[in-house]
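Some notes on the structure that comes next.
Numbering (the numbering used here), first residue to last: -8 to 163.
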């Protein structure tokens, strides 16, 4: 008995169109359901790569790796602040080749001494982790002449300095 091809219609176009879309919807739906159920309750882990304990001058280079693990909701953003964990946070940029969040902070207006660098990672479920590291800023020395460049009374004057007569009749 031969099977007639006109009674067995299978539309492969429907399966090839709907099957991948249904798979994506199932994965997205599973993550949304897990987030609503509170299964993504752990905050991302944060590993500080830079700065190191060296004294900083000029710019603060920041490098951080953040992970939400295999069952997490995924890292949404990583930000930093200097000296306070409240107020406006500055975003770090993800370098995809190394999966490292990086940034640079200008230290020209920062006083020398010890400071706290706060780093905050958040995931798509709203979980936050804040860590801090201590950094030391070295004050930048101002460029220009210093007192050690001025001529001393007991030494010969450098060439180019004009002699000015004093009230006693000598020159200085």
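Beta carbons are placed, not taken as given, at the ideal position from N, Cα and C, and that holds for glycine.
Beta-carbon to beta-carbon, residue 120 and residue 61 are separated by about 17 Å, too far to satisfy the 8 Å threshold. For residue 107, the closest alpha carbon among the candidates 124, 100, 114 and 118 is that of 124. Cα atoms of residue 109 and residue 122: separation of roughly 6 Å, rounded to the nearest angstrom. For the options 114, 50 and 130, the alpha carbon positioned closest to that of residue 63 is the one of 114. Boundaries of the beta strand (DSSP E) around residue 86: 84 to 86. In chain order, 54 and 56 place their CB closer than 6 Å to the CB of residue 91, counting only its own chain and leaving out the 5 sequence neighbours on each side. Taking the Cα positions, residue 130 is about 7 Å away from residue 102.
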